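Numbered according to the working numbering, the sequence shown terminates at residue 604, and the numbering increases by one at each position without gaps. The beta-carbon is built from N, C-alpha and C at its ideal position, and this holds for glycine as well. Predicted, not measured: the structure shown is a model, and the values here were computed from it.
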Amino acid sequence: MKKTFGTLLLVSLLLALPVAAQDAEPKIFPYETHVETLDNGLKVVLIPMSAGGLVAYWTIVRTGARDEYEPGRTGFAHFFEHMMFRGTEKYPADVYNDLITRLGADTNAFTSDDMTAYYLNITKDDVETVMDFESDRFRNLAYPEDMFRTEAGAVYGEYRKNRTNPFFTLFEATYNEAFDHHTYGHTAMGYEEDIKLMPTLFDYSKSFFDRYYRPDNAVLLIVGSIEVEPTRELVQKYYGEWEAGYVAPKVIPEPPQTGERRIDVAYEGRTLPIVMMSYKGTAFDPSDTTQMAGALLCDLAFGSTSNIYKKLVLDEQVVESIGADLNFNRDPGLIDVFARVKDPERVDYVIAEIDRVIAEVQASPPDAKRLKDLQSRLKYNFLMNLDTPANIARGLVRFLAVTADMGSVDTLYRTYDAVTPQDVQTAAQKYFVSDRRTIGVLRGEN
């Protein structure tokens, strides 16, 4: 039954694809999209669809760990993910929470390297009510110093909890080692010493909010059972007076890496060893064929259909898991290859096997059929996840955070389709260079 429904959904989405003019670029995103920028710089993306009265309402602040460039001041993007739920004079926290409960809304937020995103899943009848209190908290967030200190303490508690995850511990250490200057060297949580200091930085927190929580640094994304013109009028009514004033961070570019780096990471607890090999990449550009070939290479070389997966996971059972990911970042980030090793004595063997696979792709292009199958599968998976307003919004959020451009989605999949086996080989030669990588190996207590 699921297969039948999935097939029907895919067919309907393919039929809904916009019909392009003869000289127009093909599009993959199947829904009608309305994009405009208010006078204050707020980018507004409205996507009407038949959704049974459901609406996904997202506010994307284009500020994350990347923007925390001042020494001793990391972790504040994530801190505001918490504080934004603490209310305003018009809608104090208890009133806000009561409204959310009465509306039956699902609301949450998350922070990453390039963004902080806030979302609600609501009904179409509640759009104006939500727009009223959402616009208010982004314009008029207010919190006393005692509340600030309490929340800063809670953030440190969350950091300590994350440190119990060996993957977080390895990620934190490897990225810190990989970057000398750029702010991608710390996680969205921030450096531990900065988080400890946070309760004393009440005045700085106000400055952070004032610089970054501005309309010219945000994208409002509304997807679902909406009418475009009435919704556009509501956006102008509730967000039009939000004052521009974004101050761009003084992010220091990372100089080229000229030698391999290796670190051993100790974990306070029992865990299988984890290997992380992180290569310097480039800033996200969906039109860059070599970069997108690199993204496809990660799946071809280290995904669940790859030869190394079959060898190390299934046949030899040397590793518990293996994979790779090319991160889509606003500035040049990292391409990560990772493996969780079952036998502590086989760590070097696993690293050698990863190197062997990379060398093979550098020497000769991958099988054309495997590449074509992957290109088709990526498009299929993307379309199949466009089934609800919430899923559509979640699928678009990183593109809007990194580029603020809806067109980047169509560009990405056009570029994916254009990648050839030779492009994948070129990507392997460009990105997977030992002098541009950092290897971290995490081991637990015996």
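Using the Cα positions of residue i and residue j, report the straight-line distance between them to the nearest angstrom.
i: L529; j: L454; result: 8 angstroms
i: R595; j: S464; result: 22 angstroms
i: R556; j: R220; result: 10 angstroms
i: L278; j: E194; result: 21 angstroms
i: H340; j: D225; result: 10 angstroms
i: G403; j: D284; result: 30 angstroms
i: K282; j: H236; result: 30 angstroms
i: G427; j: G461; result: 29 angstroms
i: A300; j: E478; result: 47 angstroms
i: E503; j: E335; result: 24 angstroms
i: K500; j: Y507; result: 12 angstroms
i: T322; j: A526; result: 42 angstroms
i: G343; j: Y333; result: 5 angstroms
i: Q650; j: P324; result: The chain is shown from 159 up to 604; residue 650 falls before or after that span and cannot be answered.
i: E387; j: G398; result: 15 angstroms
I need the boundaries of the alpha helix (DSSP H) containing residue i, first residue and last residue.
i: S462; result: Where S462 is concerned, there is no enclosing alpha helix (DSSP H), given that its DSSP letter is neither H nor E.
i: R514; result: V505 to A521
i: E309; result: E303 to N320
i: M435; result: Element bounds for M435: not the alpha helix (DSSP H) but the beta strand (DSSP E), I432 to K438.
i: G403; result: Taken as a continuous stretch (DSSP letters only), G403 belongs to no alpha helix (DSSP H), as it is neither H nor E.
i: S479; result: No alpha helix (DSSP H) contains S479, which is instead part of the beta strand (DSSP E) from V477 to L484.
i: F187; result: Taken as a continuous stretch (DSSP letters only), F187 belongs to no alpha helix (DSSP H), as it is neither H nor E.
i: K537; result: A526 to M542
i: E286; result: V285 to N298
i: P324; result: P324 to A336
Among residues of its own chain, excluding the 5 on either side of residue i, which ones have a beta-carbon nearer than 8 angstroms to its beta-carbon?
i: D290; result: Y396
i: Q587; result: Q520
i: P128; result: Lying outside 159 to 604, the shown extent of the chain, residue 128 is not represented and no answer is given.
i: Q533; result: L454, Y574, D575 and V577
Check whether the Cβ atoms of residue i and residue j lie closer than 8 angstroms to each other.
i: G452; j: Y589; result: yes
i: S383; j: G210; result: yes
i: T447; j: V591; result: no
i: L379; j: I218; result: yes
i: A331; j: I432; result: no
i: W400; j: L541; result: no
i: L196; j: P373; result: yes
i: V313; j: I353; result: yes
i: A346; j: A223; result: yes
i: M564; j: T274; result: no
i: R435; j: I512; result: Position check: residue 435 holds Met in this sequence, whereas Arg was assumed. Yes.
Along the chain, where does the beta strand (DSSP E) that runs through residue i open and close?
i: N266; result: D264 to T269
i: K588; result: Taken as a continuous stretch (DSSP letters only), K588 belongs to no beta strand (DSSP E), being part of the alpha helix (DSSP H) at P579 to Y589.
i: F496; result: L492 to V499
Excluding the 5 residues preceding and the 5 following residue i in the sequence, name in chain order all residues of the same chain whose CB lies nearer than 6 angstroms to its CB.
i: I550; result: V381 and L544
i: G602; result: Y425, G427, R428 and T429
Which same chain residues end up closer than 7 angstroms to residue i when comparing Cβ atoms and leaving out the 5 residues on each side of it in sequence?
i: M305; result: R244
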